[in-house]
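Single-structure report; data block below.
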Amino acid sequence: NMITGTSQADCAVLIVAAGTGEFEAGISKNGQTREHALLAFTLGVKQLIVGVNKMDSTEPPYSETRFEEIKKEVSSYIKKIGYNPAAVAFVPISGWHGDN
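Quick note, the sequence shown lines up with residues 77 to 176 if you use my numbering.
In structure tokens:
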């Protein structure tokens, strides 16, 4: 259960999908990306790492522009809830091919 695990954690790894539409759904007003980041902060997890997954499915694949766009939007949101975006590592990843 996410709440039980998060309440005991020192660090959270927030995975966001880079796919068109997927990221937008997660970061939308009632999206899971927002919900999980807020829950982690509320439960006292002060250290955060953001994995930007599915970078192989961006257009073009592994798009630095898409990665930076996602980083900017997520940074803006996590700053509002209390995280310091400068202290948050953003890591582009792809679980499909194992390219990290």
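Think of the CB as a built atom: it goes at the ideal place given N, C-alpha and C, for glycine as much as any other residue.
Please read these numbers as outputs of a predicted model, since none were measured by experiment.
Give the single residue among Gly95, Cys87 and Val89 whose Cα lies nearest to the Cα of Trp172.
Here residue 172 refers to the residue found at position 96 when the sequence shown is read from its first residue. Here the closest residue by C-alpha is Gly95.
Report the rounded CA-to-CA distance for Leu115 versus Pro137, giving the unit in angstroms.
For the purposes of this step, residue 115 is taken as residue 39 along the sequence shown, with counting starting at 1. For the purposes of this step, residue 137 is taken as residue 61 along the sequence shown, with counting starting at 1. Approximately 31 Å between the Cα atoms of the pair.
According to the Cβ coordinates, are Ile125 and Val167 closer than 8 Å?
Indexing the sequence shown from 1 puts residue 125 at position 49. Indexing the sequence shown from 1 puts residue 167 at position 91. Yes; because the gap between Cβ atoms is below 8 Å, this pair is in contact.
Exposed unless 16 or more other CB atoms sit within 10 angstroms - verdict on Gly102:
As a first step, residue 102 is located in the sequence shown; it is residue number 26 there, counting from the start. Buried: at least 16 other Cβ atoms inside 10 Å.
Quick one: is Thr141 buried, meaning 16 or more other Cβ sit within 10 Å of its Cβ, or exposed?
Against the sequence shown, residue 141 aligns to sequence position 65. Under this definition Thr141 is an exposed residue.
Nearest residue (CA-CA) to Lys156, options Ser170, Phe117, Glu135 and Glu145
Counted from its first residue, the sequence shown places residue 156 at position 80. Of Ser170, Phe117, Glu135 and Glu145, the residue nearest in Cα terms is Phe117.
Assuming Val128 and Ile146 form a contact by the criterion Cβ under 8 Å, report the distance between their Cβ atoms to the nearest whole angstrom.
Counting from 1 along the sequence shown, the entry for residue 128 is found at position 52. Counting from 1 along the sequence shown, the entry for residue 146 is found at position 70. Correct: roughly 5 Å between the Cβ atoms.
Measuring alpha carbon to alpha carbon, tell me which residue in Ile169, Ser152 and Phe143 is nearest Arg110.
Counted from its first residue, the sequence shown places residue 110 at position 34. Considering only alpha carbons, the answer is Ser152.
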